[in-house]
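Heads up: the sequence lines are chains A and B, in that order.
The working numbering puts the first residue of the first sequence at 102, with every later residue one more than the last.
The working numbering puts the first residue of the second sequence at 144, with every later residue one more than the last.
Here the structure comes first, spelled out in structure tokens, and everything after it is commentary.
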Amino acid sequence: MAEHLSTRLDKVLTQKVRLGIMSILMVLEEADFNHLKDKLGLTDGNLSTHLGLLEDAKYIRIRKTFAGKKPKTTCLITERGRRAFLEHMNTLEKIIRSIPGT
Amino acid sequence: MTETEKQSALESIALIKNLVDRSHREITHGGSGWICIIWGLYALLGYAGSHLFHHWHSPALAGWWWPFLMLFGFAASIIVIRRKAATRSARLKGSLTGWFMLFWIPLILLMAALIALCLLLPDLPIKYITPFVLLVVSAGYLMIGLMFHKSLLVMGFLGLAGTFVTTVFFIEQAGPILSLLFGLGLIVTGLLLNRRR
Numbered sequence: 102m103a104e105h106l107s108t109r110l111d112k113v114l115t116q117k118v119r120l121g122i123m124s125i126l127m128v129l130e131e132a133d134f135n136h137l138k139d140k141l142g143l144t145d146g147n148l149s150t151h152l153g154l155l156e157d158a159k160y161i162r163i164r165k166t167f168a169g170k171k172p173k174t175t176c177l178i179t180e181r182g183r184r185a186f187l188e189h190m191n192t193l194e195k196i197i198r199s200i201p202g203t
Numbered sequence: 144m145t146e147t148e149k150q151s152a153l154e155s156i157a158l159i160k161n162l163v164d165r166s167h168r169e170i171t172h173g174g175s176g177w178i179c180i181i182w183g184l185y186a187l188l189g190y191a192g193s194h195l196f197h198h199w200h201s202p203a204l205a206g207w208w209w210p211f212l213m214l215f216g217f218a219a220s221i222i223v224i225r226r227k228a229a230t231r232s233a234r235l236k237g238s239l240t241g242w243f244m245l246f247w248i249p250l251i252l253l254m255a256a257l258i259a260l261c262l263l264l265p266d267l268p269i270k271y272i273t274p275f276v277l278l279v280v281s282a283g284y285l286m287i288g289l290m291f292h293k294s295l296l297v298m299g300f301l302g303l304a305g306t307f308v309t310t311v312f313f314i315e316q317a318g319p320i321l322s323l324l325f326g327l328g329l330i331v332t333g334l335l336l337n338r339r340r
């Protein structure tokens, strides 16, 4: 049972940084690049890599605009991302419940 | 399933819970910490300035000092909201503006209305104006604290208790005591709200 459950975990969301990005976006729906960088304590390059992977999985959409002359990157959660996050969380809870004494 | 996998699932849930809670808290009172600090300084500088103008025999300047300082308070609050909103989501922008609109504007209007009312009542001794205004304002904090954050609730309770004690026992020094209490109370609340972000 437990073996089966662990294979159901979303491979993209197993990584903690990507799970953190999705947790913030689940609440805020959209967040600025700098806000995510600040909240998760990441470097530009590290965050960009993880956002790229989430975008490839179509869990987020990245919108690039300009605020005056400054480029502004906004990350928006997609419906697919929302569903994947909820399923991943559900599986995590099942794993925890399957452990005796938790 | 290995122990490591079990531990990892627990850590993931803890991470989700932590970030979701922090984001919710930010939506509820994001930016309000700095706004509390601004208006705490307003109370302290307001009293100090008006006291100095009275000391220099310029009652007209003392009267204009509070509204003049209020303009700076509003300007600083708007700068805080704009700076916070610039790097955040539409939901946070809404919550920051909403916080300011729903909480601070009615409160400031209430204080202005109460001060105007006090000035219109010639029989009301001037020493009772500050306790009167702060009793009403503290009741407002108490009510709003029930909805938003326990720091505001505590501040409302301390405001009521402090005003009551000051009015009963130290009415002659009510102005400086209550300005200090109210101003420092707001600054401490602001620092607490900022720390909990």
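Cβ coordinates follow ideal geometry from the N, Cα and C atoms, glycine included.
Because the structure is a prediction, the values reported are computed rather than measured.
Subject >> Nearest neighbour of residue 327 of chain B, chosen from B:219, B:298, B:303 [CA to CA] >> reply: Along the second sequence, read from residue 1 onward, the residue named residue 327 of chain B stands at position 184. Residue B:298 is the option with its Cα nearest to residue 327 of chain B.
**OP:** Pair every Cβ in the segment 176 to 185 of chain A with every Cβ in the segment 116 to 135 of chain A, then say whether three or more of these pairs are closer than 8 Å.
**Re:** yes
Original post:
According to the neighbour-count rule (16 or more other Cβ atoms, all chains shown, within 10 Å of its Cβ), is residue 182 of chain B buried or exposed?
Top reply: Counting from one through the second sequence, the residue named residue 182 of chain B turns up at place 39. It is buried - the Cβ of residue 182 of chain B has at least 16 other Cβ atoms within 10 Å.
Subject >> Range of the contiguous beta strand (DSSP E) that encloses residue 268 of chain B >> reply: The sequence position of residue 268 of chain B within the second sequence is 125, counting from 1. Segment: none, residue 268 of chain B is in no beta strand (DSSP E) and carries neither H nor E.
Original post:
Given that residue 336 of chain B touches chain A, what residues does it touch there, using C-beta distances under 9 Å?
Top reply: Working through the second sequence from its first residue, we reach residue 336 of chain B at position 193. Listed along chain A, no residue sits closer than 9 Å to residue 336 of chain B by beta-carbon distance, the nearest being about 17 Å off.
**OP:** Can you tell me the Cβ-Cβ gap for residue 295 of chain B and residue 176 of chain B, rounded? I've got them flagged as a contact below 8 Å.
**Re:** Start at 1 with the first residue of the second sequence, and residue 295 of chain B comes out as number 152. Start at 1 with the first residue of the second sequence, and residue 176 of chain B comes out as number 33. Wrong, their Cβ atoms sit about 11 Å apart, outside the cutoff.
**OP:** Grab the span of the beta strand (DSSP E) containing residue 133 of chain A for me, first residue to last.
**Re:** Taking the first residue of the first sequence as position 1, residue 133 of chain A is located at position 32. Note, residue 133 of chain A: beta strand (DSSP E), 131 to 133.
**OP:** Tell me where the beta strand (DSSP E) around residue 314 of chain B begins and ends.
**Re:** To locate residue 314 of chain B, count along the second sequence from 1; it is residue 171. Careful: residue 314 of chain B lies outside any beta strand (DSSP E) and carries neither H nor E.
Original post:
Whose C-beta lies closer than 6 Å to the C-beta of residue 121 of chain A among residues of the same chain, with five residues either side of it excluded?
Top reply: Working through the first sequence from its first residue, we reach residue 121 of chain A at position 20. Same-chain partners within the cutoff: 141.
Subject >> chain B contacts from the segment 107 to 119 of chain A (Cβ-Cβ distance under 7 Å) >> reply: 107, 117
Original post:
Thinking just about the alpha-carbon of each residue, which of B:313, B:318, B:280 is nearest to the one in residue 301 of chain B?
Top reply: Within the second sequence, the letter at position 158 stands for residue 301 of chain B. With distances taken between CA atoms, residue 301 of chain B lies nearest to B:280 out of B:313, B:318, B:280.
Original post:
Can you tell me whether DSSP reads residue 144 of chain A as helix, strand or coil?
Top reply: Working through the first sequence from its first residue, we reach residue 144 of chain A at position 43. In the structure shown, residue 144 of chain A sits in coil (DSSP, three-state: anything other than H, G, I, E or B).
Subject >> Contacting positions in the segment 183 to 208 of chain B - beta carbon closer than 7 Å to chain A >> reply: Flagged: no residues at all.
Original post:
Would residue 111 of chain A be called buried (16 or more neighbouring beta carbons within 10 Å of its own) or exposed?
Top reply: Residue numbering aside, residue 111 of chain A sits at position 10 when the first sequence is read from its first letter. Per the 10 Å Cβ criterion, buried.
Original post:
Rounded to a whole number of angstroms, what is the C-alpha to C-alpha distance between residue 118 of chain B and residue 214 of chain B?
Top reply: What is shown of chain B runs 144 to 340, which leaves residue 118 of chain B out entirely.
Original post:
By Cβ distance below 7 Å, which residues in the same chain neighbour residue 107 of chain A in space, the five residues on each side in sequence not counted?
Top reply: Here residue 107 of chain A refers to the residue found at position 6 when the first sequence is read from its first residue. For residue 107 of chain A, where only same-chain residues beyond five positions count, the Cβ hits under 7 Å are 196.
**OP:** Starting from the C-beta of residue 186 of chain A, find all residues in its chain whose C-beta is less than 7 Å away, skip the five residues before and the five after it, and write them out in chain order.
**Re:** Here residue 186 of chain A refers to the residue found at position 85 when the first sequence is read from its first residue. Closer than 7 Å at Cβ, skipping near neighbours: 114, 123, 127.
Original post:
Touching or not, the segment 152 to 162 of chain B and the segment 147 to 161 of chain A, by the rule of three or more beta carbon pairs under 8 Å?
Top reply: no
**OP:** Measuring only between beta-carbons, confirm whether residue 327 of chain B sits less than 7 Å from chain A.
**Re:** Counted from its first residue, the second sequence places residue 327 of chain B at position 184. Not closer than 7 Å to any Cβ of chain A, the Cβ of residue 327 of chain B fails to qualify, so no.
Original post:
At least one CB of chain B closer than 7 Å to the CB of residue 193 of chain A: is that the case?
Top reply: The residue labelled residue 193 of chain A in the question sits at position 92 within the first sequence. Yes, residue 193 of chain A counts as interfacial toward chain B.
Original post:
Taking 7 Å as the CB-CB limit, is residue 124 of chain A close to chain B?
Top reply: Locating residue 124 of chain A in the first sequence gives position 23, where the first residue counts as 1. By this cut-off, residue 124 of chain A is an interface position.
Original post:
Does DSSP put residue 168 of chain A in a helix, a strand or coil?
Top reply: As a working mapping, residue 168 of chain A is identified with position 67 in the first sequence. The answer is strand: DSSP assigns residue 168 of chain A an E or B state.
Original post:
Using CA coordinates, which residue listed in B:165, B:163, B:254 is at the minimum distance from residue 325 of chain B?
Top reply: Here residue 325 of chain B refers to the residue found at position 182 when the second sequence is read from its first residue. Distance check between residue 325 of chain B and each of B:165, B:163, B:254 places B:254 closest, using alpha-carbon atoms only.
Subject >> residue 190 of chain A versus residue 166 of chain B - alpha carbon distance >> reply: On the first sequence, position 89 is the one that residue 190 of chain A refers to. On the second sequence, position 23 is the one that residue 166 of chain B refers to. If I take the Cα positions, the gap works out to 17 Å.
**OP:** Could you give the DSSP three-state label for residue 173 of chain A: helix, strand or coil?
**Re:** For this step, residue 173 of chain A is matched to residue 72 along the first sequence. Three-state result, residue 173 of chain A: strand.
Original post:
If we call anything under 7 Å between Cβ atoms a contact, is residue 270 of chain B one with residue 317 of chain B?
Top reply: Counting from 1 along the second sequence, the entry for residue 270 of chain B is found at position 127. Counting from 1 along the second sequence, the entry for residue 317 of chain B is found at position 174. A contact, by the Cβ cut-off of 7 Å.
**OP:** Pick out whichever of B:199, B:329, B:338, B:161 has its Cα sitting closest to the Cα of residue 288 of chain B.
**Re:** Residue mapping note: residue 288 of chain B aligns to position 145 of the second sequence, counting from 1. Nearest option by C-alpha distance: B:329.
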